[in-house]
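Residue numbers (this note's numbering): 106 to 421.
C-beta: ideal position from N, C-alpha, C; glycine also.
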């Protein structure tokens, strides 16, 4: 016979606050001539009631406006020029660029004739593509533009689903897309070297729906005295799966910001909401009809090259 023997455990913990201390620092910073690269090295000494020691750190960063830094850096000799003044960016012109990002959303897949059956898988994927557009900046700093883009994507999502004939959720419904394209108008406002904008337009995407039996090739087989499935279509026929592919179109709204890096290059960050319309199709088994629809959000970053003169630096 076994019993439980209780034991007592005790522990003492002592802590103390750092308290008051002094810190003494010495460092140096510098900029690589004619570039935006800046570096620093710094040492710190701390001493007090409960602390005493040295620390050191160093860093390197890139300044996207190196001319502003250069204008305030100390010089070995008196400067001949009073400094530099950076003219605000003029965004007028054609541009081309690339972007990367992620997209996520929800697709609604239904069997036509059985509106309560199907499911709504969540979809997620990465994207990468190209964009081209044109901006016109008005004297009031408002910027009007048009932009088109196309991106490759691995957008995917699946959930178990059923028809009236197959209440046991033995089918897996998957929705996927390999590319998506948009065409939109933009309106924004330019402030110094930053452009803030909103956009709206149309969207088009490749669309594919796959429905597979969760048992695969063992669908309907008897294993250990139990029958697996069978998976059936809308009309009760045994099936291992069916699919269809096509296109969906819809609309988008979005907003973003773009920053002039100099020498006609700019970087941007953007969010888009895309509502794609529905697609009804006869599946590959020749008897099942399905309808899918959905929406998604995109978050992406990118760079553009503008075919106009870059930032003008006036010296006087």
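Sufficient close CB pairs (3 or more, under 8 Å) joining the region 327-336 to the region 383-403: no
DSSP-derived helix/strand/coil call for residue 153: strand
The region 342-349 / the region 281-290 touching (three or more Cβ pairs under 8 Å): no
Cβ contact (3+ pairs, closer than 8 Å) linking the region 200-219 and the region 300-308: no
Given residue 253 as reference, the closest of 260, 236, 247, 320 once Cα atoms are compared: 236
Span separating the alpha-carbon of residue 341 from that of residue 306: 43 Å
Pairwise C-alpha distance: residue 364 and residue 312: 34 Å
Sequence-distant residues of the same chain with beta carbon closer than 6 Å to residue 433, five excluded per side: With the chain running from 106 to 421 in the structure shown, residue 433 is simply not present.
Residue 339 - containing beta strand (DSSP E), residue span: That residue, residue 339, is in no beta strand (DSSP E); it is neither H nor E in DSSP.
Per DSSP, cross-strand counterpart(s) of residue 362: 301, 374
First through last residue of the beta strand (DSSP E) which encompasses residue 235: 227-242
Burial state of residue 205, where buried means 16 or more other Cβ atoms lie within 10 Å: exposed
For residue 344, the residue or residues it bridges with in DSSP: None, per the DSSP bridge assignment.
Neighbourhood of residue 286 by C-beta distance below 6 Å, restricted to the same chain and skipping five residues each side: 255, 309
Assigned exposure category for residue 411 - 16 Cβ within 10 Å defines buried: buried
Per-residue DSSP class, three states only, for residue 192: coil
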